[in-house]
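Residue numbers (the numbering used here): 115 to 270.
Given below as structure tokens:
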């Protein structure tokens, strides 16, 4: 893993640390969520960010709504609160990708640049110890595939 890739901070505590176990856990949660009852793709999802044992079923229910539209989703924006590093405003990561046990998820550089031009800080420090965004990524990886770029931002 290069220094431009943010390593997982909570693998093994908030969700399984191994790729096979994590894939099985996410797939099981998504399967249990059942088919979504939406006629159109949601513009946004509000998803809990605790460990999967506590919030995985609810998170999977939200993400299951994307299943019918997964082939048309070209990028995702994930916003989460900052629990550990004081932050005023929004911070987007400088890293090129985030890693989970399922692989690397690229950061959407175009969206990062736009966020920075709109006043967001480009700073990896608020992201390093955080779980709120990290726990979302395996759901996106399993539903959208590893190549869908994501912009992650942390709000203070």
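Cβ coordinates follow ideal geometry from the N, Cα and C atoms, glycine included. Source: prediction; values computed, not measured.
Within 10 angstroms of the beta-carbon of residue 168 lie fewer than 16 other beta-carbons, which makes it exposed. Rounded to whole angstroms, the Cβ separation of residue 194 and residue 127 is 17 Å, and the two are not in contact under 8 Å.
Counting C-beta pairs closer than 8 Å gives fewer than three between the segment 200-219 and the segment 182-189, which falls short of the contact rule.
Going by C-alpha positions, residue 202 is about 18 Å away from residue 192. Distance between residue 182 and residue 172, taken at the CA atoms: about 18 Å. Contact between residue 175 and residue 147 is confirmed by a C-beta separation of about 5 Å, below the 8 Å threshold. Counting along the chain, residue 211 sits inside the beta strand (DSSP E) bounded by residues 211-214. In the DSSP assignment, the residues bridged to residue 129 are 125. Taking 8 Å as the cut-off, the Cβ atoms of residue 243 and residue 123 count as close.
Fully enclosed alpha helix (DSSP H) runs of no fewer than 4 residues occupy 166-178 and 223-231 of the segment 155-238, in order along the chain.
Secondary-structure assignment with DSSP links residue 120 through a beta bridge to 212.
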